[in-house]
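K.L.:
Starting off with a structure, shown below.
There are 4 protein chains.
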Amino acid sequence: MKIPIDVSADRAEPMYHQIEEQLRALILSGQLAEGVLLPSIREFAADLSCSVITIRRVYQDLEQEGFLRTRQGMGTFVAKVAASDRERYRRDAVYYALKAAVEVGRRINCTADEIRSMLEELLTDYGEEGGSGNGNRD
Amino acid sequence: MKIPIDVSADRAEPMYHQIEEQLRALILSGQLAEGVLLPSIREFAADLSCSVITIRRVYQDLEQEGFLRTRQGMGTFVAKVAASDRERYRRDAVYYALKAAVEVGRRINCTADEIRSMLEELLTDYGEEGGSGNGNRD
Amino acid sequence: MKIPIDVSADRAEPMYHQIEEQLRALILSGQLAEGVLLPSIREFAADLSCSVITIRRVYQDLEQEGFLRTRQGMGTFVAKVAASDRERYRRDAVYYALKAAVEVGRRINCTADEIRSMLEELLTDYGEEGGSGNGNRD
Amino acid sequence: MKIPIDVSADRAEPMYHQIEEQLRALILSGQLAEGVLLPSIREFAADLSCSVITIRRVYQDLEQEGFLRTRQGMGTFVAKVAASDRERYRRDAVYYALKAAVEVGRRINCTADEIRSMLEELLTDYGEEGGSGNGNRD
DNA sequence: GTGGTCTAGACCACC
DNA sequence: GTGGTCTAGACCACG
Numbered sequence: 001m002k003i004p005i006d007v008s009a010d011r012a013e014p015m016y017h018q019i020e021e022q023l024r025a026l027i028l029s030g031q032l033a034e035g036v037l038l039p040s041i042r043e044f045a046a047d048l049s050c051s052v053i054t055i056r057r058v059y060q061d062l063e064q065e066g067f068l069r070t071r072q073g074m075g076t077f078v079a080k081v082a083a084s085d086r087e088r089y090r091r092d093a094v095y096y097a098l099k100a101a102v103e104v105g106r107r108i109n110c111t112a113d114e115i116r117s118m119l120e121e122l123l124t125d126y127g128e129e130g131g132s133g134n135g136n137r138d
Numbered sequence: 139m140k141i142p143i144d145v146s147a148d149r150a151e152p153m154y155h156q157i158e159e160q161l162r163a164l165i166l167s168g169q170l171a172e173g174v175l176l177p178s179i180r181e182f183a184a185d186l187s188c189s190v191i192t193i194r195r196v197y198q199d200l201e202q203e204g205f206l207r208t209r210q211g212m213g214t215f216v217a218k219v220a221a222s223d224r225e226r227y228r229r230d231a232v233y234y235a236l237k238a239a240v241e242v243g244r245r246i247n248c249t250a251d252e253i254r255s256m257l258e259e260l261l262t263d264y265g266e267e268g269g270s271g272n273g274n275r276d
Numbered sequence: 277m278k279i280p281i282d283v284s285a286d287r288a289e290p291m292y293h294q295i296e297e298q299l300r301a302l303i304l305s306g307q308l309a310e311g312v313l314l315p316s317i318r319e320f321a322a323d324l325s326c327s328v329i330t331i332r333r334v335y336q337d338l339e340q341e342g343f344l345r346t347r348q349g350m351g352t353f354v355a356k357v358a359a360s361d362r363e364r365y366r367r368d369a370v371y372y373a374l375k376a377a378v379e380v381g382r383r384i385n386c387t388a389d390e391i392r393s394m395l396e397e398l399l400t401d402y403g404e405e406g407g408s409g410n411g412n413r414d
Numbered sequence: 415m416k417i418p419i420d421v422s423a424d425r426a427e428p429m430y431h432q433i434e435e436q437l438r439a440l441i442l443s444g445q446l447a448e449g450v451l452l453p454s455i456r457e458f459a460a461d462l463s464c465s466v467i468t469i470r471r472v473y474q475d476l477e478q479e480g481f482l483r484t485r486q487g488m489g490t491f492v493a494k495v496a497a498s499d500r501e502r503y504r505r506d507a508v509y510y511a512l513k514a515a516v517e518v519g520r521r522i523n524c525t526a527d528e529i530r531s532m533l534e535e536l537l538t539d540y541g542e543e544g545g546s547g548n549g550n551r552d
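Heads up: the protein sequence lines correspond to chains A, B, C and D, in order. Residues in the first sequence are numbered consecutively from 1, following our numbering. Residues in the second sequence are numbered consecutively from 139, following our numbering. Residues in the third sequence are numbered consecutively from 277, following our numbering. Residues in the fourth sequence are numbered consecutively from 415, following our numbering.
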């Protein structure tokens, strides 16, 4: 299975972080279903042009968080995620990001309407790239 | 002058970063006006319970960005900020934070309306703490 | 013959290890007597829902340890175990496990009495499941 | 501070595991109190004759478990452990080790008395090495 | 083939 | 000085 992940060594955020974040999102959004076999660490490392160690770390961290299950000699699989976790995550992830933005706005004395209009601007082309309907395969 | 800054060594973000960010916001929002004398490095370090080295770095970075002006033997002052910078900053800071939030939403298949309603929830008590009027005092 | 073995791929311990350990215990305790024919590799693998390779390894390891004897075309049998081995094993297996427990206790400053009382608690229902009489059937 | 840890690359258990286990025990037993600064990764690695990476992994794992707190540029410290965690750990660690031993005993038909007498034998010199009185500095 | 451990060493960020 | 990230590569364990 090809995993749609986009990382760059140029960003400030460490690569393993970027990968973890995106994999977590894929699992929690249901785009990577329970039981799916992920690429082997070597294969994935080649895909993303990074070291196998970086991928191993990703898999290890996510296993510890309960999102993956790896079995020696067999590979790494997507673990079962409680529906409640999925829901909570879905809400929290966006909520806290928005909250941070609002917080910044408050600090620099933005008006609420300024914030609203910026959001609308950002949402104009939102539906076109996959965020339209359901997508949540719960 | 007492600078209203809230930092914590417990957060993941490095302290110098937290301080710089908040000082920058205070200056760009006009809450720290041009010419204001900032605390001495030692005093500020004591206030924030951090190392003088950390404050030195903050002052140095912000001076390089043009927000501060240090004069030998006299101390560190808030520099003049161009109105255009202020405006650009005001817009960019919030805009990019919002953009990040929207990006997260797209990844996990949030609908645009879900995002809008979260924002409204966050904005309910927004005006009460200083975001009411017009923060551009230039 | 149906071999009463309980393994799970979910445990941290590798499967071949779990199986070997339990088979060894069955043989040394006399529950699998000399000359008993074990299931074929394929059959056993199916029973335990694991790979034939895993079973092959188990049989191989235990044959090397002298507990099994494989005869071409006839299958794998339980070998003769010296009474002394049986005795030594009986003692060692439990002894070293207890020793490890005591070692842990020492590290975290448990008192000897705390350890004793835990053991008693664990031994309350001990006799009911097979530990009653004399297990040495040599 | 010198940390009394005893590891060996010869054992089957991975070194990072051995170290983690012993550090965890030291913290949970109160022998390493909250706030204590641990050796730097390089120093500790030299002490234990292993790679800095192994130590970094140990520190990282234990931080994730909440036992350590590491701050870039400052070092790695013992975190606050809830008294309840300490108590639970104290009991569980020994209890499960004992349980495993009893389980082995049952499998090979040991009598309860055999197990008891082995334990007593192991406990004869128990008090002499620090497990006597309290030691729990809660 | 898979993942698990460990190595030596580089370079960066922080204090 | 501290820890944080990433590298390339070796060797072992597992299925």
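We treat Cβ as the ideally placed atom computed from N, Cα and C, and that holds for glycine.
So for A/T54, helix, strand or coil by DSSP?
P.N.:
As a first step, residue 54 of chain A is located in the first sequence; it is residue number 54 there, counting from the start. In this structure, A/T54 counts as helix in the three-state DSSP scheme.
K.L.:
Measuring only between beta-carbons, confirm whether B/S167 sits less than 8 Å from chain A.
P.N.:
Along the second sequence, read from residue 1 onward, the residue named residue 167 of chain B stands at position 29. B/S167 counts as touching chain A.
K.L.:
Between the segment 475-483 of chain D and the segment 355-369 of chain C, can you find at least three pairs of beta-carbon atoms closer than 8 Å?
P.N.:
Taking 8 Å as the limit for Cβ pairs, the verdict is that the segment 475-483 of chain D does not touch the segment 355-369 of chain C.
K.L.:
Who pairs with C/V354 in a beta bridge, going by DSSP?
P.N.:
The count along the third sequence starts at 1 and reaches residue 354 of chain C at position 78. Per DSSP, C/L344.
K.L.:
Going by the CB atoms, is the gap between D/A507 and C/I391 shorter than 8 Å?
P.N.:
To locate residue 391 of chain C, count along the third sequence from 1; it is residue 115. To locate residue 507 of chain D, count along the fourth sequence from 1; it is residue 93. Against a cut-off of 8 Å, the Cβ pair of D/A507 and C/I391 comes out as no contact.
K.L.:
Give every residue of the same chain whose Cβ lies closer than 8 Å to the Cβ of B/Q160, excluding the five residues on either side of it in the sequence, and list them in chain order.
P.N.:
Walking along the second sequence from the start, residue 160 of chain B turns up at place 22. Contacts found: I143, D144, V145.
K.L.:
Give me the Cα-Cα distance between C/T330 and C/A285, rounded to the nearest whole angstrom.
P.N.:
For this step, residue 330 of chain C is matched to residue 54 along the third sequence. For this step, residue 285 of chain C is matched to residue 9 along the third sequence. Their backbone Cα atoms lie some 12 Å apart in a straight line.
K.L.:
Among B/V174, B/R194, B/G173, B/E258, whose alpha-carbon lies nearest the alpha-carbon of B/E181?
P.N.:
Working through the second sequence from its first residue, we reach residue 181 of chain B at position 43. It is B/R194.
K.L.:
Applying the criterion that 16 or more other CB atoms from any shown protein chain within 10 Å of the CB defines a buried residue, is C/L344 buried or exposed?
P.N.:
Reading the third sequence from its first residue, position 68 is the one you call residue 344 of chain C. When all chains shown are included, C/L344 counts as buried.
K.L.:
What are the boundary residues of the alpha helix (DSSP H) that A/Y89 is part of?
P.N.:
Start at 1 with the first residue of the first sequence, and residue 89 of chain A comes out as number 89. Note, A/Y89: alpha helix (DSSP H), 83-107.
K.L.:
To be precise: take each residue of the segment 237-253 of chain B, compare its Cβ to all Cβ atoms of chain A, and keep it if any distance is under 9 Å. Which residues remain?
P.N.:
Answer in chain order: K237, A238, A239, V240, E241, V242, G243, R244, R245, I246, N247, C248, T249, A250, E252, I253.
K.L.:
By Cβ distance below 7 Å, which residues in the same chain neighbour D/M429 in space, the five residues on each side in sequence not counted?
P.N.:
Here residue 429 of chain D is taken as the residue at index 15 of the fourth sequence, counted from 1. V421, A423, C464, T468, listed in sequence order.
K.L.:
Out of curiosity, what's the CA-to-CA distance linking D/D461 and D/E434?
P.N.:
In the fourth sequence, residue 461 of chain D corresponds to position 47, counting from 1. In the fourth sequence, residue 434 of chain D corresponds to position 20, counting from 1. Distance between the alpha carbons of D/D461 and D/E434 is about 15 Å.
K.L.:
So D/L537 contacts chain C; which residues on that side make the cut at Cβ distance below 8 Å?
P.N.:
For the purposes of this step, residue 537 of chain D is taken as the residue at position 123 of the fourth sequence. V378, A388, I391, R392, listed in chain order.
K.L.:
Would you say A/A97 reaches chain B, if we count a Cβ-Cβ gap shorter than 8 Å as a contact?
P.N.:
Translated into the one-based positions of the first sequence, residue 97 of chain A becomes position 97. Yes, A/A97 counts as interfacial toward chain B.
K.L.:
Can you give me the C-alpha to C-alpha distance between C/I303 and C/A377, rounded to a whole angstrom?
P.N.:
Against the third sequence, residue 303 of chain C aligns to sequence position 27. Against the third sequence, residue 377 of chain C aligns to sequence position 101. Each residue's alpha carbon lies about 25 Å from the other.
K.L.:
For C/T346, which residues from the same chain have a beta carbon less than 7 Å from its beta carbon, with the 5 sequence-adjacent residues on both sides left out?
P.N.:
For the purposes of this step, residue 346 of chain C is identified with residue 70 of the third sequence, where counting begins at 1. Contacts found: Y335, E339, T352.
K.L.:
Applying the 10 Å Cβ sphere with the 16-neighbour rule, what's the burial state of A/G35?
P.N.:
One-based indexing of the first sequence puts residue 35 of chain A at position 35. The residue is exposed, with fewer than 16 neighbouring Cβ atoms inside 10 Å.
K.L.:
Given a cut-off of 8 Å on the beta-carbon distance, is the pair C/A388 and D/G541 in contact?
P.N.:
Counting from one through the third sequence, the residue named residue 388 of chain C turns up at place 112. Counting from one through the fourth sequence, the residue named residue 541 of chain D turns up at place 127. Closer than 8 Å, so yes.
K.L.:
Could you give the C-beta distance for C/I279 and C/L314, rounded to a whole number, given that I count them as a contact under 8 Å?
P.N.:
Here residue 279 of chain C refers to the residue found at position 3 of the third sequence. Here residue 314 of chain C refers to the residue found at position 38 of the third sequence. With a Cβ gap of about 7 Å, C/I279 and C/L314 count as contacting.
K.L.:
Mind checking whether A/V104 and B/A183 have CB atoms under 8 Å apart?
P.N.:
Counting from one through the first sequence, the residue named residue 104 of chain A turns up at place 104. Counting from one through the second sequence, the residue named residue 183 of chain B turns up at place 45. No; because the gap between Cβ atoms is not below 8 Å, this pair is not in contact.
K.L.:
Taking 8 Å as the cut-off, decide whether the C-beta atoms of C/L399 and D/L533 are in contact.
P.N.:
The sequence position of residue 399 of chain C within the third sequence is 123, counting from 1. The sequence position of residue 533 of chain D within the fourth sequence is 119, counting from 1. Result no, Cβ atoms of C/L399 and D/L533 do not sit closer than 8 Å.
K.L.:
Take the Cβ of B/R244 as the centre, count every other Cβ of all protein chains shown within 10 Å, and call the residue buried at 16 or more, exposed below.
P.N.:
Mapped onto the second sequence, residue 244 of chain B falls at position 106. Buried is the call here.
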